[in-house]
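Before any comments, here is the structure.
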Amino acid sequence: MEFLTAHGPALLFYLFAAMALGSAVLVVTMRNPMYGALSLLVSFLSVAVLFFLRNAEFVAVVQIFVYGGGIMVLFLFVIMLINLHRLHEVRMFAQSAPLGILVGVLLVALFVFSFVGVGFGPALATPENMVSVEGQAAGNSEAVAWLLYRQYLLPFEVASVFLLVAMVGAVILGRRN
Amino acid sequence: MTAIPIRDFLLLAPEIFLAVAGMAMLVAGSYGRDNGGNGHRGCSVCAVAALAMTGGLVFWLQGGREVPEVILSGMFVLDGYAFFWKILLLIAATLTIFLSERFVAEGGYRPGEYYALILFATTGMLLMVSGFNLLSIWISLELMALSSYILAGYFKHQLKSTEAALKYFVLGALSSGILLYGVSLLYGATGTLELAGLSDALSLAVAAGDGQVLVALGWLLLAMGLFFKVAVVPFHVWTPDVYVGAPTPITSFLAIASKAASFAVLVRIFYQGLAFLTPDWQWLTAALATITMIWGNLAALTQKNVKRMLAYSSIAHAGYVLIGVLTATEDGQWAVLFYLAAYTFITAGAFGTVVLLERRAYAGETYEDYAGLARRAPFLAASMMIFLLALTGIPPTGGFVGKIYLFAAAVEAGWVWVAVVGVLTSAISLYYYMGLIVQMYLKDAEDTTPEPLYAPGLLATVGLCAVITVLLGLLPGPLIELAKGSLLPLP
Chain L
66 MEFLTAHGPA LLFYLFAAMA LGSAVLVVTM RNPMYGALSL LVSFLSVAVL
116 FFLRNAEFVA VVQIFVYGGG IMVLFLFVIM LINLHRLHEV RMFAQSAPLG
166 ILVGVLLVAL FVFSFVGVGF GPALATPENM VSVEGQAAGN SEAVAWLLYR
216 QYLLPFEVAS VFLLVAMVGA VILGRRN
Chain C
17 MTAIPIRDFL LLAPEIFLAV AGMAMLVAGS YGRDNGGNGH RGCSVCAVAA
67 LAMTGGLVFW LQGGREVPEV ILSGMFVLDG YAFFWKILLL IAATLTIFLS
117 ERFVAEGGYR PGEYYALILF ATTGMLLMVS GFNLLSIWIS LELMALSSYI
167 LAGYFKHQLK STEAALKYFV LGALSSGILL YGVSLLYGAT GTLELAGLSD
217 ALSLAVAAGD GQVLVALGWL LLAMGLFFKV AVVPFHVWTP DVYVGAPTPI
267 TSFLAIASKA ASFAVLVRIF YQGLAFLTPD WQWLTAALAT ITMIWGNLAA
317 LTQKNVKRML AYSSIAHAGY VLIGVLTATE DGQWAVLFYL AAYTFITAGA
367 FGTVVLLERR AYAGETYEDY AGLARRAPFL AASMMIFLLA LTGIPPTGGF
417 VGKIYLFAAA VEAGWVWVAV VGVLTSAISL YYYMGLIVQM YLKDAEDTTP
467 EPLYAPGLLA TVGLCAVITV LLGLLPGPLI ELAKGSLLPL P
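Residue numbers (the working numbering), protein chains in the order written: chain L, 66 to 242; chain C, 17 to 507.
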């Protein structure tokens with residue numbers, strides 16, 4: 066019991082991090098796209114739990130609403146609307162697969178060896194400063210809003226133009242002339 | 017964290033205006049139902065007018081500053097450096113629109129969205145070169161990149177254009193991910209994204225011991241992302257296919273505007289954000305500059321397609337510009353500004369010539385299609401010769417002056433071997449540029465050789481670029497003075 070109270074958050078972190086990674090691998094390897102999409106949902110939800118563990122409740126809820134909800138529904142719609150059985154399989158990158166695997170393994174090794182035993186220092190966002198606005202206690206969503214609409218206002222607005230361009234681009238490339 | 021004063025938004029007026037102009041163009045473009053003719057002409061005139069007015073606003077609100085001013089809670093900086101790039105980028109976007117004349121109309125594609133996307137991409141570039149926080153730089157870079165992906169695939173009935181857009185998108189997204197990952201590691205190590213404080217925070221993190229690994233991986237990944245955007249070997253693989261497949265005016269846009277904006281950001285991040293790591297990035301840049309110059313020029317030797325040759329040439333030229341970047345001296349820095357400004361006119365002119373000879377389905381792009389051009393279109397052939405000489409670096413052109421100052425800055429700063437590689441590879445490049453000049457002046461045209469398009473506006477643009485290229489070779493003084501007045505503080 067003592068062990069659990071002392072290491073509970075760390076255990077939860079490793080459990081859900083492993084789930085997020087494992088289901089992300091399944092997304093790529095599953096042959097049935099419906100299973101792939103559902104694995105993606107598991108991955109999204111596990112990441113949401115990681116956000117909760119870091120006291121970022123607002124981001125966690127947004128992750129579930131936007132990714133788990135909206136984006137997943139879109140994916141499932143697309144999978145249902147296009148008839149996947151009529152697409153024939155093309156092996157596109159078969160030639161470069163060994164090289165790709167080699168580079169991937171090397172990169173993973175580089176990161177693992179670099180980060181083993183490295184202390185990352187104290188977390189930049191402690192629970193206190195995620196719920197306080199100018200020293201006053203507030204909610205997590207309020208703290209996010211203060212950052213988003215004040216300090217990070219410019220990137221936030223540029224992101225809206227960015228999304229407009231993405232929408233216009235999808236229409237241009239998808240439209241029949 | 018105080019509220020943002022209204023004045024900051026007023027100072028941002030040029031960027032806001034350009035974004036709004038893009039949106040207005042989208043709305044106006046959706047009213048016209050015909051795909052060619054007058055609607056097209058109207059859209060291009062409006063786009064040029066929007067760019068000119070943005071330029072006026074930049075002059076009025078953001079110019080003439082001795083001391084940099086940081087606004088919008090540290091996201092955006094107004095200094096002479098950003099001012100120089102903004103004017104250059106607006107000129108580059110205007111040249112692109114001039115080159116697009118008739119080109120989009122002939123393909124039967126709708127003009128409104130095409131010009132709107134160019135305006136959005138330019139907005140992203142203006143925000144980029146003024147970005148003073150890694151987050152605002154990154155999102156502006158993405159705005160530019162996303163618009164460029166769509167523009168590269170604008171000829172969606174052509175398989176090559178779609179292929180170009182797809183390759184550009186997939187590799188661009190990958191490189192953005194790498195860049196962002198590097199940024200996140202740097203943030204993890206330092207707790208700041210602002211360029212002003214990043215360098216000091218990096219030195220603290222490295223001194224603390226464990227931070228070393230985070231900082232090293234972080235800046236390497238960040239640099240990789242930036243090198244991808246400026247198309248430096250070994251991050252260049254996307255360039256030839258994208259340059260060949262994209263509509264030629266867009267190829268020109270990528271080669272001049274996109275590249276200049278990315279270089280502007282690269283220099284700002286290296287000089288201001290990563291100042292603490294100067295010797296490290298100098299060596300990395302020197303190594304990449306060397307392989308880029310060698311590989312770019314060698315690969316260009318074997319090309320049969322003029323657009324592909326120009327793509328490899330643009331890779332090689334990114335290598336030459338890196339020479340100026342790595343010196344970390346004032347001479348090197350203004351040489352970079354001068355070279356990229358000259359390169360803008362040279363490359364726009366060269367691609368303009370390609371546009372004039374091009375036919376549907378990418379005909380008219382091989383070396384043979386240029387045979388006997390001197391007899392069929394003497395003016396066009398002479399202009400193209402000027403651009404090719406400038407790309408090689410032969411006087412009296414802007415390309416020659418630019419290269420001389422780049423190499424001189426490198427020698428002065430003690431990077432003699434990089435300058436030597438630059439001179440030697442320039443000699444190699446003479447071979448493939450001369451190949452095209454020989455085709456134009458010494459070979460005879462076959463019956464199947466295409467006639468150049470008759471388009472007075474385009475021809476005038478190409479002529480203007482040729483005149484400026486020669487003028488920059490004969491009277492480089494004013495532009496050099498301008499560049500010298502627009503420097504960043506040295507790292």
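From the three backbone atoms N, C-alpha and C, an ideal C-beta is built for every residue, glycine too.
Would you kindly check if the distance between the Cβ of residue j and the Cβ of residue i is under 8 angstroms?
i	j	result
Met240/C	Thr441/C	no
Leu474/C	Glu122/C	no
Thr178/C	Leu67/C	no
Ala406/C	Thr306/C	no
Pro466/C	Arg375/C	yes
Gly128/C	Ser46/C	yes
Val352/C	Phe279/C	yes
Met160/C	Ser274/C	yes
Gln349/C	Leu503/C	yes
Ile194/C	Ala247/C	no
Leu151/C	Tyr217/L	yes
Let me check understanding here. Comparing Cα to Cα, which of the options lies closest to residue i?
i	options	result
Leu490/C	Tyr448/C, Glu428/C, Ile496/C and Gly414/C	Gly414/C
Pro110/L	Arg96/L, Ala75/L, Asn120/L and Ala125/L	This sequence places Leu at residue 110/L; Pro is not what is there. If we check each option's Cα against that of Leu110/L, Ala125/L comes out closest.
Val249/C	Pro265/C, Val258/C, Val231/C and Ala334/C	Ala334/C
Leu106/L	Val90/L, Val236/L and Gly239/L	Val90/L
Ala366/C	Leu195/C, Phe92/C and Thr477/C	Thr477/C
Gly140/C	Val196/L, Pro220/L and Ala162/L	Pro220/L
Gly234/L	Lys172/C, Ser191/C and Leu196/C	Lys172/C
Ala461/C	Glu384/C, Tyr421/C and Leu42/C	Glu384/C
Ala121/L	Thr191/L, Gly101/L and Tyr217/L	Thr191/L
Val281/C	Leu373/C, Ala40/C, Phe92/C and Leu28/C	Phe92/C
Gln288/C	Leu326/C, Leu220/C, Leu211/C and Pro394/C	Leu211/C
Ala471/C	Val83/C, Leu236/C and Val371/C	Val371/C
Ser179/L	Thr206/C, Ala424/C and Val231/C	Val231/C
Could you tell me the distance, in whole angstroms, from the CA atom of residue i to the CA atom of residue j?
i	j	result
Leu356/C	Ile272/C	8 angstroms
Val93/L	Ser104/L	9 angstroms
Phe68/L	Leu342/C	54 angstroms
Leu171/L	Val177/L	10 angstroms
Ala276/C	Met84/L	43 angstroms
Val260/C	Asn194/L	51 angstroms
Gln78/C	Leu106/C	14 angstroms
Ser200/C	Pro98/L	32 angstroms
Gly96/C	Leu143/C	14 angstroms
Thr345/C	Ile285/C	15 angstroms
Ala65/C	Thr112/C	14 angstroms
Ala37/C	Leu73/C	13 angstroms
Met69/C	Trp101/C	16 angstroms
Leu104/C	Pro492/C	16 angstroms
Gly438/C	Tyr359/C	16 angstroms
Pro468/C	Thr264/C	15 angstroms
Ala132/C	Gly479/C	26 angstroms
Gly73/L	Tyr79/L	10 angstroms
Take residue i and list the residues in its own chain whose beta-carbon comes closer than 7 angstroms to its own, dropping the five residues that flank it on each side.
i	result
Gln128/L	Phe109, Val112, Ala113 and Phe116
Tyr203/C	Leu209
Ala315/C	Tyr328
Leu135/C	Leu34, Ala37, Gly38, Met41, Ala63 and Ala66
Tyr165/C	Ala181, Tyr184, Phe185 and Gly188
Leu389/C	Leu396, Ala397 and Met456
Strictly by DSSP, which residues pair up with residue i?
i	result
Leu94/C	Glu85/C
Gln128/L	Per DSSP, none; premise fails for Gln128/L.
Gln201/L	Val198/L
Asn321/C	Thr382/C
Glu210/C	Asn149/C
Please return the same chain residues whose Cβ sits closer than 8 angstroms to the Cβ of residue i, not counting the five positions on each side in sequence.
i	result
Ser197/L	Ala203 and Ala208
Val432/C	Ala426
Ile32/C	Phe25
Leu77/L	Val114 and Leu118
Leu196/C	Trp154 and Gly241
Ser191/C	Met240, Gly241, Phe244, Lys245 and Phe251
Gly293/L	The question about residue 293/L has no answer here: the residues shown for chain L are numbered 66 through 242.
Ala482/C	Gly365, Ala398, Ser399, Ile402 and Phe403
Excluding the 5 residues flanking residue i on each side, which residues of the same chain have their C-beta closer than 6 angstroms to its C-beta?
i	result
Ser445/C	Asn313 and Thr408
Ala98/C	Val145 and Ser146
Phe123/L	Asn205, Ser206 and Val209
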